[in-house]
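Have a look at the structure below before the remarks.
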Amino acid sequence: MALGVAAMLVTGGTVKGNEFLERLALYVPNRIVDTFDAFTLNLGVGPVIRAELMATRAVTVGGSYGFSWKAFKDYNRQYGIGVQDGWYWSLATIGEENMRRERVVGTVKSYWEAYAGFPSPLQRIYDPLEGQRDYWQFGGALGALVEGEFYIHPIEGLDWLAGFFFLDPKGDDLTFDDFR
């Protein structure tokens, strides 16, 4: 078997064989990255007051008012710093929001979200592959002058679990092309 693997590496092998070797070689790094994808941890400081409990964006209780400078480790591999400014309130299934994220550095994506009523999962901001926010997350946030957010992402959790069986339903595993 070792000679077969060596022959595939030297001669190029088949596309399927190379794909399997790539998945095998990057197995541990991809499991680590998928583990970090499964949660959000954002920390901020500024004139803000906030309290929130969330069981998806559709079922949220709480509110926020003010702005804060934040360090982000957020959904869809958003890492960096930026400013979050605005307000929102939510009582179970209804709410109102006017929130923006701007002046971002790193892989953090800026956005402006404004709605009244019920948030729709069909909005582009909630796209599971490219969106800035996760509609299905659950967790909470708390703060007054200093704030913290912690959320779990169920879709990323399924991607993490599938990864142990060499599957990647979200299509975000690292490949050798990412290092070229």
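Heads up, the sequence shown is in my numbering, so the first residue is 6 and it goes up one at a time. Every residue, glycine too, gets a C-beta built ideally from N, C-alpha and C.
Practice problem: Could you spell out the range, first to last residue, of the beta strand (DSSP E) harbouring Gly144? | Solution: For the purposes of this step, residue 144 is taken as residue 139 along the sequence shown, with counting starting at 1. Looking at the DSSP string, the run of the beta strand (DSSP E) that includes Gly144 is Phe143 to Ile157.
Quiz item: Among residues of its own chain, excluding the 5 on either side of Gly100, which ones have a beta-carbon nearer than 7 Å to its beta-carbon?
Solution: Along the sequence shown, one-based indexing puts residue 100 at 95. The residues are Thr65, Tyr93 and Trp94.
Quiz item: Can you tell which of Met104, Asp79 and Ala146 has the C-alpha that lies nearest to the C-alpha of Glu135?
Solution: Taking the sequence shown and counting its residues from 1, one reaches residue 135 at position 130. When only C-alpha atoms are compared, the closest one is Asp79.
Self-check item: Straight-line Cα distance separating Ile54 from Leu147
Solution: Your numbering for residue 147 matches position 142 in the sequence shown. Your numbering for residue 54 matches position 49 in the sequence shown. Between Leu147 and Ile54, the C-alpha separation is close to 8 Å.
Self-check item: Ranges of the beta strand (DSSP E) found wholly within the stretch 93 to 141, counting only runs of at least 3
Solution: 99 to 111 and 116 to 122
Quiz item: In angstroms, rounded to a whole number, what distance separates the CA positions of Arg138 and Asp183?
Solution: By 1-based counting over the sequence shown, the position of residue 138 is 133. By 1-based counting over the sequence shown, the position of residue 183 is 178. When rounded, the distance between both Cα atoms is 24 Å.
Exercise. Kindly indicate which residue of Ile157, Lys175 and Gln89 has the alpha-carbon position closest to the one of Ala76.
Key: The residue you call residue 76 lines up with position 71 of the sequence shown. Checked all of Ile157, Lys175 and Gln89; the closest Cα to Ala76 is Gln89.
Quiz item: If you draw a straight line from the C-alpha of Leu29 to the C-alpha of Tyr140, how long is it?
Solution: Counting from 1 along the sequence shown, the entry for residue 29 is found at position 24. Counting from 1 along the sequence shown, the entry for residue 140 is found at position 135. Going from the Cα of Leu29 to the Cα of Tyr140 covers about 32 Å.
Practice problem: Could you tell me whether the Cβ atoms of Ile130 and Gln142 are closer together than 8 Å? | Solution: Sequence index remark: in the sequence shown, residue 130 carries index 125 (1-based). Sequence index remark: in the sequence shown, residue 142 carries index 137 (1-based). Against a cut-off of 8 Å, the Cβ pair of Gln142 and Ile130 comes out as no contact.
Quiz item: Considering only residues of the same chain and omitting the five flanking positions on each side of Arg105, which have a CB-CB separation below 8 Å?
Solution: The residue you call residue 105 lines up with position 100 of the sequence shown. Closer than 8 Å at the Cβ level, and outside the excluded window around Arg105, lie Gln89, Asp90, Gly91, Ser115, Tyr116, Trp117 and Glu118.
Practice problem: Could you tell me if Thr40 is buried or exposed, where buried requires 16 or more neighbouring beta carbons within 10 angstroms of its beta carbon? | Solution: Translated into positions along the sequence shown, residue 40 becomes position 35. Thr40 is exposed by the Cβ-count criterion.
Quiz item: Given Ala97, which residues of its chain have a CB within under 7 Å of its CB, disregarding the five upstream and five downstream residues?
Solution: Start at 1 with the first residue of the sequence shown, and residue 97 comes out as number 92. If we look at Ala97 and ignore the five residues flanking it on each side, its Cβ neighbours are Val64 and Val66.
Practice problem: Write down the C-beta distance between Val113 and Gly85 rounded to the nearest angstrom, noting that I regard them as a contact closer than 8 Å. | Solution: For this step, residue 113 is matched to residue 108 along the sequence shown. For this step, residue 85 is matched to residue 80 along the sequence shown. Their Cβ separation, rounded to whole angstroms, is 4 Å, which keeps Val113 and Gly85 in contact under 8 Å.
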